[in-house]
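The numbers in numbering that gives the first Met the number 0 rise by one with no breaks, and the one at position 136 of the sequence shown is 135. Cβ atoms here follow ideal geometry from the backbone N, Cα and C, with glycine treated the same way.
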Amino acid sequence: MKDTAPISQGIIAVAALFGIIAAGVAYVLYEYGLFGSAFIGGIVAIIAAIVLALGWRNPAPGPNTMSAPVAEKPAAAPAPTPAPAAAAPAPEPAPAPVATPEPAPAPEPAPAPEPTPAPAPVAEAPAAADEGTPQFLSAAREGGPDDLKQIKGVGPKLEKTLHGMGIFHFDQISTWGPKEQAWMDDNLEGFKGRATRDNWVEQAKVLAAGGTTEFSKKVDKGDVY
């Protein structure tokens with residue numbers, strides 16, 4: 000019975016199977032890319048085809064193999080020995096498909112650096128406009144204003160009034176002389192005379208030095224406001 004498929008097709012089929020297996024192993028186990036896996040599979044398929052072509056042997060004729068009828072010859076002449084069929088040359092293996100590499104995604108733009116906040120300006124005490132006028136600040140120094148309510152006679156409403164005038168710290172009040180106290184007594188709307196009457200300067204000197212008064216202790220405990 001004659002083979003239905005040529006030997007070359009069998010070699011190509013087996014070599015292609017080896018190539019597919021090699022490409023799958025490279026892609027799954029060794030994490031090669033699609034292009035690299037296909038290239039390795041193609042190399043393995045070519046090697047397998049060459050090995051199979053060089054090592055292929057025709058099967059020995061068996062009892063079921065039908066031999067071609069031999070033409071009758073004269074009795075005197077011996078029957079010629081049939082020459083073995085020449086093996087068909089192995090066709091060149093098809094080149095491995097080249098995978099088109101996917102374009103790399105565009106890199107995301109780097110986030111813009113956050114601007115460094117400028118340090119808060121330290122308010123400087125401007126010189127007094129007129130003699131006897133206390134020195135005022137345009138804003139509290141770094142760290143925030145002192146709790147002026149620790150001075151006896153300065154409540155929450157008066158503290159806001161002093162902030163609006165530019166007085167935020169104990170040391171500002173502690174430097175007042177008689178003229179500055181008189182100016183404050185005359186210019187505190189609704190609280191005239193309070194600075195001298197409640198002796199703000201002496202209390203402010205103690206608090207500016209880090210000390211406490213009997214009244215400031217009550218304020219800290221929450222017994223006053």
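Legend entry - C-alpha distance - Gln180 paired with Leu187, whole-angstrom precision: 11 Å
Inset, instruction - With DSSP collapsed to three states, give me the class of Gln171. - result: helix
Legend entry - 4 or more residues per run - each alpha helix (DSSP H) lying fully within the stretch 6-35: 6-27
Inset, instruction - Output the boundary residues of the alpha helix (DSSP H) element that contains Phe214. - result: Glu213 to Lys220
Inset, instruction - Output yes or no for whether 7 Å exceeds the beta carbon distance between Val50 and Gly18. - result: no
Inset, instruction - Taking Pro163 as part of the alpha helix (DSSP H), name the residues at either end of that continuous run. - result: Strictly speaking, residue 163 in this sequence is Gly, with Pro absent from that position. It spans Pro155 to Met164 - the alpha helix (DSSP H) in which Gly163 sits, taken as one unbroken run.
Inset, instruction - Report the option in Pro155, Ile166, Gln149 and Gln202 whose CA atom is closest to the CA atom of Thr132. - result: Ile166
Inset, instruction - Note down the Cα distance separating Ala194 from Ala207, rounded to an integer number of angstroms. - result: 17 Å
Inset, instruction - To the nearest angstrom, report how far apart Asp170 and Ser137 are at their CA atoms. - result: 15 Å
Legend entry - Burial state of Ala302, where buried means 16 or more other Cβ atoms lie within 10 Å: Because the chain is modelled from 0 through 224, residue 302 falls outside the range shown and cannot be assessed.
Inset, instruction - Determine the contact status of Lys151 and Phe190, defining contact as a CB-CB distance below 7 Å. - result: no
Legend entry - Counted within 10 angstroms of its Cβ, other Cβ atoms place Asp145 as buried (16 or more) or exposed: buried
Legend entry - Cα-Cα separation between Ala30 and Leu53, rounded to whole angstroms: What sits at residue 30 in the sequence shown is Glu, not Ala. Rounded to the nearest angstrom, the two C-alpha atoms are 33 Å apart.
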